[in-house]
Amino acid sequence: MNSSPASLVFAAHLAVLSSISFGGFPTVLPDVHNFVVASGWVTDREFANFFAVSQVVPGPNMILMMSLIGLKVGGIAGAIASALATFGPPCAMYYVSYRLWDRFRDMPWQRIVRRALAPLTIGLVIAGGYVMARTGDVGWPSVAITAAAVALMLRTRLSPLWILMAGGASGALGLL
Amino acid sequence: MSQTVEIRSPGARVRLGAVFLGFLKVSLLGFGGGLVWARRIVVERHQWMNEQEFAETLTLCQLMPGPNIVGIAVCVGSKLRGAIGAITAVGGFILFPWTVGLSFGGLVLQHAELGIVRGILGGLSAAAAGLLIATGIRLLMPHRKRWIALVFAACAFAGMAFTKLPLLVVLFGLAPLSIAATALESARAR
């Protein structure tokens, strides 16, 4: 199977998304989900699995998740291309803006743009969580785990790591 | 953490190896979110930036797309050694966890159909989705008295959650409206 065009198409799509991933990469999850599942590269369940695995490994987990998709789409070359497409364009933007920061740090529009983008990115983060909650083997047990995780995160000071482990443990016990 | 502060004469060039190692450490220590460790290592341990510089860099990174913590690596590396420093810092931050994560992930995913692995992955994914939702709700709390913010957050949510529209369309459809509304809001408040 010649998979390099698929890898390139996926990497190009990621490069566009990473350039507009204001508020972090979770905001682009619904778009990536639609794109790769509609292309037939990754099943709904696999997408959920990639998300799950990337959460329990230290380091930048969204880069890892995109690389796991890339690995499935086009092998190790696909994984590297996806990683580069995920962090390359933002890095270039960070670099340029850091060099120019002194010029626009005090401008009033900068404050307004930030204030205006914040609610949008927040809505997108919640949408990312909502779409992921509906991806994979969804039934009332998985919905209950998601709801419990939301409640624990908002109501307690438990480390997110414990909440993740509790989720994994309830899956291991066959609750799903 | 502050007992081992390195004394550095102001003009001395920081070695690329030190930059690489510094961000390697941030990546290894920062389970989930490395921001706390980035500050400790950059500000307290190596004094590559002072407190205020670090805060301003973070503000800048939050304004830009992409993973904020990678942005910190770019800015710190760039301050210390220019473009090559930025690449070194990002490399130090990403290379090791990425390699380990990809191998580990690849291995686990080969057995994704095994009953117990399947259950664990399903539980993790459901919990992680909940964490994302909760993070979003927490971020929304400071804006809860601004109805404009609530309306736009709801539109962005609905746009991505209930339609199959690309992010490009949703974001660039809503951003100009949100900027206009926010500009009006702050003009009226003045």
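Those sequence lines, one after another, are chains C and S. Each number in the numbering used here comes from the position in the first sequence (counting from 1) with 9 added on. Each number in the numbering used here comes from the position in the second sequence (counting from 1) with 146 added on. In this text, a Cβ means the ideal position worked out from N, Cα and C, and glycines have one as well. From a predicted model like this one, the values you see are computed outputs, not experimental measurements.
Measuring only the C-alpha atoms, how far is residue i from residue j?
i, j, result
"Ser-151 (chain C)", "Ser-224 (chain S)", "44 Å"
"Ala-302 (chain S)", "Ala-136 (chain C)", "8 Å"
"Lys-310 (chain S)", "Glu-55 (chain C)", "19 Å"
"Ile-153 (chain S)", "Phe-200 (chain S)", "For Ile-153 (chain S), the pLDDT reaches just 48, beneath the cut-off of 50, and the residue's location in the model is therefore unreliable, leaving the point undetermined."
"Leu-185 (chain C)", "Ile-85 (chain C)", "32 Å"
"Pro-288 (chain S)", "Arg-124 (chain C)", "11 Å"
"Val-236 (chain S)", "Val-159 (chain C)", "32 Å"
"Leu-126 (chain C)", "Gly-261 (chain S)", "43 Å"
"Gln-198 (chain S)", "Gly-268 (chain S)", "42 Å"
"Ser-16 (chain C)", "Ala-24 (chain C)", "12 Å"
"Arg-334 (chain S)", "Gln-119 (chain C)", "18 Å"
"Phe-59 (chain C)", "Ile-279 (chain S)", "18 Å"
"Thr-155 (chain C)", "Leu-73 (chain C)", "22 Å"
"Ala-157 (chain C)", "Leu-182 (chain C)", "16 Å"
"Met-147 (chain S)", "Glu-331 (chain S)", "Reliability of the predicted coordinates at Met-147 (chain S) is poor, the pLDDT of 40 falling under 50, and no value is obtained from them."
"Gly-176 (chain C)", "Thr-281 (chain S)", "17 Å"
"Gly-180 (chain C)", "Ile-230 (chain S)", "45 Å"
"Ala-90 (chain C)", "Ala-20 (chain C)", "6 Å"
"Gly-163 (chain S)", "Gly-148 (chain C)", "50 Å"
"Gly-265 (chain S)", "Ala-275 (chain S)", "15 Å"
"Arg-160 (chain S)", "Ala-92 (chain C)", "For the record, residue 160 (chain S) in the displayed sequence is Val; it is not Arg. If you take the alpha carbons of Val-160 (chain S) and Ala-92 (chain C), they lie about 28 Å apart."
"Thr-106 (chain S)", "Thr-52 (chain C)", "Since the displayed chain S opens at 147 and closes at 336, residue 106 (chain S) lies outside it and no answer follows."
"Lys-171 (chain S)", "Gly-251 (chain S)", "21 Å"
"Ser-28 (chain C)", "Ala-232 (chain S)", "18 Å"
"Asp-146 (chain C)", "Ala-57 (chain C)", "9 Å"
Can you give me the start and stop residues for the alpha helix (DSSP H) that residue i sits inside?
i, result
"Pro-213 (chain S)", "Per DSSP, Pro-213 (chain S) belongs to no alpha helix (DSSP H) and is neither H nor E."
"Ser-168 (chain C)", "That residue, Ser-168 (chain C), is in no alpha helix (DSSP H); it is neither H nor E in DSSP."
"Trp-110 (chain C)", "70-113"
"Lys-171 (chain S)", "162-175"
"Thr-328 (chain S)", "313-335"
"Gln-193 (chain S)", "First-last for Gln-193 (chain S): undefined, no H or E at that position."
"Val-140 (chain C)", "117-142"
"Val-45 (chain C)", "38-48"
"Gly-268 (chain S)", "261-286"
"Phe-164 (chain C)", "Looking at the sequence provided, one finds Arg at residue 164 (chain C) rather than Phe. Taken as a continuous stretch (DSSP letters only), the alpha helix (DSSP H) holding Arg-164 (chain C) covers 149-164."
"Gly-186 (chain C)", "A question about residue 186 (chain C) goes unanswered here, because the residues of chain C that appear run from 10 up to 185."
"Gly-305 (chain S)", "293-307"
"Ala-186 (chain C)", "There is no way to answer for residue 186 (chain C), as the model of chain C reaches only from 10 to 185."
"Arg-185 (chain S)", "181-185"
Residue i touches chain S at which residues, Cβ-Cβ below 9 Å?
i, result
"Leu-80 (chain C)", "Leu-248, Gly-251, Gly-252 and Leu-255"
"Val-140 (chain C)", "Ala-275, Met-306 and Ala-307"
"Leu-185 (chain C)", "Arg-264, Gly-265, Gly-268, Gly-269 and Ala-272"
"Leu-73 (chain C)", "Pro-243, Trp-244, Gly-247, Leu-248 and Gly-251"
Name the chain S residues that come within less than 8 Å of residue i, Cβ to Cβ?
i, result
"Asp-115 (chain C)", "Neighbours of Asp-115 (chain C) on chain S: none; closest Cβ ~11 Å, over 8 Å."
"Arg-123 (chain C)", "Gln-208 and Leu-209"
"Met-102 (chain C)", "Met-210, Pro-211 and Gly-212"
"Ala-57 (chain C)", "Leu-267, Gly-268 and Ser-271"
Quick check on residue i: buried or exposed, where buried means 16 or more other Cβ atoms within 10 Å of its Cβ?
i, result
"Pro-69 (chain C)", "buried"
"Asn-196 (chain S)", "exposed"
"Thr-144 (chain C)", "buried"
"Met-75 (chain C)", "buried"
"Met-116 (chain C)", "exposed"
"Gln-149 (chain S)", "With a pLDDT of 44 at Gln-149 (chain S), under the threshold of 50, the modelled position of this residue cannot be trusted; read the value that follows with caution. That one is exposed."
"Pro-14 (chain C)", "exposed"
"Arg-112 (chain C)", "exposed"
"His-257 (chain S)", "exposed"
"Lys-291 (chain S)", "exposed"
"Met-10 (chain C)", "With a pLDDT of only 46 at Met-10 (chain C), under the threshold of 50, the placement of this residue in the model should not be trusted, and no figure is reported."
"Gly-32 (chain C)", "buried"
"Thr-165 (chain C)", "exposed"
"Pro-322 (chain S)", "exposed"
"Phe-34 (chain C)", "buried"
I want to verify the contact list: residues of chain S whose CB lies under 7 Å from the CB of residue i, in sequence order.
i, result
"Val-51 (chain C)", "Per Cβ cutoff of 7 Å: no residues; Val-51 (chain C) is ~11 Å from chain S at best."
"Pro-26 (chain C)", "According to the sequence as given, residue 26 (chain C) is Leu; it is not Pro. The contacting residues are Leu-313."
"Leu-167 (chain C)", "In chain order: nothing, as chain S lies at least about 11 Å away."
"Pro-14 (chain C)", "Here the premise fails: no neighbours, minimum Cβ distance about 20 Å."
"Ala-110 (chain C)", "First, the amino acid is wrong: residue 110 (chain C) is Trp here, not Ala. What Trp-110 (chain C) touches in chain S: Leu-206."
"Gly-145 (chain C)", "Gly-268 and Ser-271"
"Val-159 (chain C)", "Gly-276, Ile-279 and Ala-280"
What are the partner residues of residue i, as DSSP defines its beta bridges?
i, result
"Phe-31 (chain C)", "S:Pro-211"
Residues of chain C with CB under 7 Å from residue i, in chain order?
i, result
"Gly-101 (chain S)", "Not covered by the structure: residue 101 (chain S). The range shown for chain S is 147 to 336."
"Ala-174 (chain S)", "Position check: residue 174 (chain S) holds Leu in this sequence, whereas Ala was assumed. Chain C residues near Leu-174 (chain S): Pro-67."
"Ile-325 (chain S)", "Ile-121, Val-122 and Ala-125"
"Thr-328 (chain S)", "Ile-121, Arg-124 and Ala-125"
"Leu-170 (chain S)", "The contacting residues do not exist; Leu-170 (chain S) stays about 10 Å from chain C at best."
For residue i, return the contacting residues in chain C, with the cut-off set at a CB-CB distance below 8 Å.
i, result
"Lys-291 (chain S)", "Ordered by position in chain C, no residue passes the 8 Å Cβ test against Lys-291 (chain S), which lies about 12 Å from the chain."
"Val-220 (chain S)", "Cys-100, Tyr-103, Tyr-104 and Tyr-107"
"Ala-303 (chain S)", "Looking at the sequence provided, one finds Phe at residue 303 (chain S) rather than Ala. The contacting residues are Gly-132, Leu-133, Ile-135, Ala-136 and Tyr-139."
"Ala-299 (chain S)", "Pro-128, Leu-129, Ile-131, Gly-132 and Ile-135"
Going along chain C, which residues have a C-beta under 9 Å from residue i?
i, result
"Val-216 (chain S)", "Pro-69, Ile-72, Phe-96, Pro-99, Cys-100 and Tyr-103"
(request) Could you name the residues of the region 221-237 of chain S whose beta carbon sits closer than 8 Å to any beta carbon of chain B, in the order they occur along the chain? (result) No chain B appears in this structure, whose protein chains are C and S.
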